[in-house]
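Report on one structure; see the data block that follows.
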Amino acid sequence: MDSSLKAKAEKWALKVGFERDQDQKVHIKTNQDAYICPQGIQVTSNESLKVGKAVYSQLLHLWDKAPRNLTNFTTHIFFVIDSMNSSSFADGLAFFLAPVGGNLNGGGAMGLPTSSFLAVEFDTFQNSWDPQNINPVTHVGVNINSLTSSVTAVWYNDIPHGIENEAWISYDSGSKNLSVIFTGFRNNTRVERSLHLLVDLSYLPEWVEFGFSTATGSGFEKNNV
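Take any residue in the sequence shown, count from 1 to its spot, add 28: that is its number in this note's numbering.
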């Protein structure tokens, strides 16, 4: 893997996960309702009908034109989804790769664009396109150009109390394996789960933006990274 790309991914994880200072304003670009605060990146506040995204200031060089080799990438994120003691909340948070400057769609679309994208969603609301026979309805999924996830796993959590979660997202270009490991909270105990998907990411542009997006509808929550 190109060492500069690895450095970019690790720098992104470092800025989001550990540093809480004004330097974030240099490396992170926010759009619409997203903003930077002392707690980190507030992708949306605890209000209805909000949509926002935060992306790294530099693009990711996903593949070379010749011989069209894909890059590996990895990121480690810390995030909090907090409904402030309410048992009613929506809609979730997504980590995404997408063409530059795509539109942001609200509600259950979690701010994702309508054009091509790859997303790892931390979904907190059951829409018609989501898995229907799971308990709880909150889940993690990998989405390819669609709000319907290609693979999903139940996500146990404590959103009413705003428990912090972690996720490790990595892509191996040789095997084309996208791997997601994520934490949750069940029976007062932290748990880890995982899922993976084989996907050729050359369907995306050579250069992509990457970051987080989210949206709220009539139900809402605070989404902080």
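Heads up, the beta-carbon is just placed ideally off N, CA and C, and yes, glycines get one too.
{"query": "Name the DSSP bridge partner or partners of tryptophan 196?", "result": "His104 and Ile209"}
{"query": "Tell me the rounded alpha-carbon separation between aspartate 110 and proline 188.", "result": "6 Å"}
{"query": "Between Ala62, Val71, Gln86 and Phe150, which lies nearest to phenylalanine 210 when the distance is taken from Cα to Cα?", "result": "Phe150"}
{"query": "Might you give, ordered along the chain, the residues of its own chain that have their beta carbon closer than 6 Å to the beta carbon of glutamine 67, omitting 5 neighbours on each side?", "result": "Asn252"}
{"query": "State the DSSP-derived secondary structure class of tyrosine 26, mapped to helix, strand or coil.", "result": "This structure cannot settle anything about residue 26, because the visible part of the chain is limited to 29 through 253."}
{"query": "Is serine 230 helix, strand or coil by DSSP?", "result": "helix"}
{"query": "Helix or strand or just coil, what does DSSP make of glycine 68?", "result": "strand"}
{"query": "List the whole-angstrom C-beta distance separating glutamine 154 from valine 165, where the pair is believed to meet the contact cut-off of C-beta under 8 Å.", "result": "4 Å"}
{"query": "So for alanine 118, helix, strand or coil by DSSP?", "result": "coil"}
{"query": "Would you kindly report the start and end of the unbroken beta strand (DSSP E) that includes valine 75?", "result": "According to the sequence as given, residue 75 is glutamate; it is not valine. Looking at the DSSP string, glutamate 75 is not in any beta strand (DSSP E), and its letter there is neither H nor E."}
{"query": "Enumerate in chain order the residues of its own chain whose CB-to-CB distance from alanine 147 is below 6 Å, with the five nearest sequence positions on each side excluded.", "result": "Ala122, Phe124, Leu140 and Asn171"}
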